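Student: Residue numbers (UniProt numbering): 1 to 323.
Beta carbons are placed, not taken as given, at the ideal position from N, Cα and C, and that holds for glycine.
A quick note: this is a predicted structure, and the numbers were derived from the prediction, not measured.
I have a structure I would like to understand better, so I am pasting it below and will then ask my questions one at a time.
Take a look at the structure:
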């Protein structure tokens, strides 16, 4: 099997721009994932985020996680479980309204650091969306406008730790799923692997590369591109040794009232070449209500359910302006 795509974004600024754009295009069409290096976020900042995230887990979350494992009986498993994940998490909301001041147990320095980190990831997310527009032949800014809705995008971060698991064959770190939203940027541990994606019926490791940012596409980009790009099933495998794996996933998603539908420019105009809309039109918040109940099930029934609701969304609604 071909190797996982690792793409240097600094090459977009030189003679290798066309080759780099082609690599991004191929990764979006054939993998749904790629890994960015030389992405503009300083190594010093990333090192600090990793250090303080691991310190926060040790200080504030490790004992709580161990206690929860005991309470759920997961430390004495005898058979595989499919309704639980071996992970310790907390969530930060950035847009449209931040909750970073309200999340308990965070040191002030860590709050400040994560706010800075989120700003860098938000900027990179928007840059990547414009690169996708360029490859798709969409007007620059199209995807950002769709995501804006009337209130700004929904942007947040899930901070996860995957402690060593005594029975990794019986419980996943995170069960297989596709992501519901738009574009997801992941800063993951470079020492402990575990993230896998499903490609051509086989589970493929996403290699841990120091200071890289992993990018994957969510269900909404599959809809907007009319299936040209697809969200991809992925999971986290539990590990038995080491100090555990850190994962910081930031989700740049449409606003709650954003109307999602295939971009008209990607639907054939000439009758003999006409390509129909393969996906429904819906409000993102409605999709999320359904997704929250069936996250770990196949995505196709979710799209079908949205299609059944399609009459509730006016057919003449287009991307909402950012102003």
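Please state the DSSP three-state secondary structure of residue 135.
Tutor: For the purposes of this step, residue 135 is identified with residue 135 of the chain shown, where counting begins at 1. Helix, per DSSP.
Student: Which parts of the stretch 166-242 are runs of the alpha helix (DSSP H), unbroken and 4 residues or longer, counting only runs that do not cross its ends?
Tutor: Taking only runs of at least 4 residues, the alpha helix (DSSP H) segments lying wholly in the stretch 166-242 are 219-224.
Student: Report yes if the CB atom of residue 155 is closer than 8 Å to the CB atom of residue 248, and no otherwise.
Tutor: Stepping through the chain shown from its first residue, residue 155 is reached at position 155. Stepping through the chain shown from its first residue, residue 248 is reached at position 248. For residue 155 and residue 248, no; Cβs fall outside 8 Å.
Student: Label residue 79 either buried or exposed according to how many other C-beta atoms from any shown protein chain fall within 10 Å of its C-beta, with 16 as the threshold for buried.
Tutor: Here residue 79 refers to the residue found at position 79 when the chain shown is read from its first residue. Its Cβ having fewer than 16 others within 10 Å, residue 79 is exposed.
Student: Look at the alpha carbon of residue 131 and the alpha carbon of residue 221, and state the distance between them as a whole number of angstroms.
Tutor: Here residue 131 is taken as the residue at index 131 of the chain shown, counted from 1. Here residue 221 is taken as the residue at index 221 of the chain shown, counted from 1. Cα to Cα, residue 131 sits roughly 13 Å from residue 221.
Student: Using 8 Å for Cβ pairs, my map puts residue 206 next to residue 215. What's the rounded Cβ distance?
Tutor: Stepping through the chain shown from its first residue, residue 206 is reached at position 206. Stepping through the chain shown from its first residue, residue 215 is reached at position 215. Incorrect: roughly 11 Å between the Cβ atoms, too far for contact.
Student: Which residues in the same chain as residue 173 place their Cβ atom closer than 8 Å to its Cβ, once the five residues preceding and following it in sequence are excluded?
Tutor: Against the chain shown, residue 173 aligns to sequence position 173. For residue 173, where only same-chain residues beyond five positions count, the Cβ hits under 8 Å are 85, 86, 87, 162, 165, 194, 235, 236, 237, 238, 239, 245.
Student: Give the DSSP-derived three-state secondary structure of residue 274 in the structure shown.
Tutor: As a first step, residue 274 must be located in the chain shown, where it is residue number 274. Low confidence applies here, because residue 274 scores a pLDDT of 48, under 50, leaving its location unreliable and the question unanswered by this model.
Student: Residue 326 to residue 296, Cα distance in whole Å?
Tutor: Residue 326 cannot be examined here, being either before or after the span of the chain that is shown, 1 to 323.
Student: Using the beta-carbon count (16 or more within 10 Å), is residue 272 buried or exposed?
Tutor: Within the chain shown, numbered from 1, the residue matching residue 272 stands at position 272. Here the model assigns residue 272 a pLDDT of 43, short of 50, so the residue's position is not dependable, and the following value carries that caveat. Result: exposed.
Student: Can you list, in chain order, the residues of its chain with a C-beta nearer than 8 Å to that of residue 7? Leave out the 5 residues immediately preceding and following it.
Tutor: Position 7 of the chain shown, counted from the first residue, corresponds to residue 7. Taken in chain order, the residues that qualify are 20, 23, 24, 27, 34, 35, 36, 37.
Student: If we call anything under 8 Å between Cβ atoms a contact, is residue 18 one with residue 138?
Tutor: For the purposes of this step, residue 18 is taken as residue 18 along the chain shown, with counting starting at 1. For the purposes of this step, residue 138 is taken as residue 138 along the chain shown, with counting starting at 1. The answer is no: Cβ separation not under 8 Å.
Student: Along the chain, where does the beta strand (DSSP E) that runs through residue 250 open and close?
Tutor: To locate residue 250, count along the chain shown from 1; it is residue 250. It spans 245-253 - the beta strand (DSSP E) in which residue 250 sits, taken as one unbroken run.
Student: Assuming residue 223 contacts residue 261 (C-beta within less than 8 Å), just tell me the rounded distance between them.
Tutor: For the purposes of this step, residue 223 is taken as the residue at position 223 of the chain shown. For the purposes of this step, residue 261 is taken as the residue at position 261 of the chain shown. About 7 Å separates the two Cβ atoms, so the contact holds.
Student: Quick one: what's residue 77 bridged to in DSSP?
Tutor: Position 77 of the chain shown holds residue 77. Bridge partners of residue 77: none, in fact.
Student: Quick check on residue 6: does DSSP put it in helix, strand or coil?
Tutor: Here residue 6 refers to the residue found at position 6 of the chain shown. DSSP places residue 6 in strand when its eight states are reduced to three.
Student: Do you know whose CA, among 151, 122, 50, lies nearest residue 97's CA?
Tutor: One-based indexing of the chain shown puts residue 97 at position 97. Of 151, 122, 50, the residue nearest in Cα terms is 151.
Student: Alpha carbon to alpha carbon, how far is residue 286 from residue 274? Give it in angstroms, no decimals.
Tutor: In the chain shown, residue 274 corresponds to position 274, counting from 1. In the chain shown, residue 286 corresponds to position 286, counting from 1. In this predicted model, residue 274 has a pLDDT of only 48, less than 50, meaning its place in the structure is not dependable; the value taken from the coordinates is given anyway. Straight-line Cα distance between these residues: approximately 29 Å.
Student: Between the beta-carbon of residue 217 and the beta-carbon of residue 32, is there less than 8 Å?
Tutor: By 1-based counting over the chain shown, the position of residue 217 is 217. By 1-based counting over the chain shown, the position of residue 32 is 32. Yes.
Student: So, is residue 112 buried or exposed, given that buried needs 16 or more other C-beta atoms within 10 angstroms?
Tutor: What you label residue 112 is simply residue 112 of the chain shown in a count that begins at 1. Its Cβ having fewer than 16 others within 10 Å, residue 112 is exposed.
Student: How far does the alpha helix (DSSP H) with residue 292 in it extend, from its first residue to its last?
Tutor: Walking along the chain shown from the start, residue 292 turns up at place 292. Counting along the chain, the alpha helix (DSSP H) containing residue 292 begins and ends at 284-294.
Student: If distances are taken between C-alpha atoms only, which option among 140, 101, 45, 199 comes closest to residue 5?
Tutor: Counted from its first residue, the chain shown places residue 5 at position 5. Of the candidates 140, 101, 45, 199, the one whose C-alpha sits nearest the C-alpha of residue 5 is 199.
Student: Whole-angstrom Cβ separation of residue 77 and residue 170, contact assumed at under 8 Å?
Tutor: Taking the chain shown and counting its residues from 1, the one referred to as residue 77 is at position 77. Taking the chain shown and counting its residues from 1, the one referred to as residue 170 is at position 170. The pair is a contact, with the Cβ atoms about 5 Å apart (cut-off 8 Å).
Student: State the start and end residues of the unbroken beta strand (DSSP E) segment that holds residue 266.
Tutor: Counting from 1 along the chain shown, the entry for residue 266 is found at position 266. It is not in any beta strand (DSSP E) - residue 266 carries neither H nor E in the DSSP assignment.
Student: Quick one, are the C-beta atoms of residue 304 and residue 282 less than 8 Å apart?
Tutor: As a working mapping, residue 304 is identified with position 304 in the chain shown. As a working mapping, residue 282 is identified with position 282 in the chain shown. No, the Cβ-Cβ distance between residue 304 and residue 282 is not below 8 Å.
Student: By Cβ distance, which residues of its chain are closer than 6 Å to residue 142, with the 5 residues on each side in sequence left out?
Tutor: Sequence index remark: in the chain shown, residue 142 carries index 142 (1-based). Excluding positions up to five away in sequence, the list reads 133.
Student: Shortest alpha-carbon distance to residue 258 belongs to which of 148, 298, 41?
Tutor: In the chain shown, residue 258 corresponds to position 258, counting from 1. Nearest C-alpha to residue 258: 148.
Student: For residue 158, name the three-state secondary structure that DSSP assigns.
Tutor: Position 158 of the chain shown, counted from the first residue, corresponds to residue 158. Of the three classes helix, strand and coil, the one that applies to residue 158 here is strand, per DSSP.
Student: Comparing alpha-carbon positions, which option in 204, 225, 219, 15 lies nearest residue 136?
Tutor: In the chain shown, the residue the question calls residue 136 occupies position 136. Closest by alpha carbon: 225.
Student: How many whole angstroms separate the CB atoms of residue 243 and residue 197, which I take to be in contact at a CB cut-off of 8 Å?
Tutor: Taking the first residue of the chain shown as 1, we reach residue 243 at position 243. Taking the first residue of the chain shown as 1, we reach residue 197 at position 197. That pair is no contact at about 24 Å.
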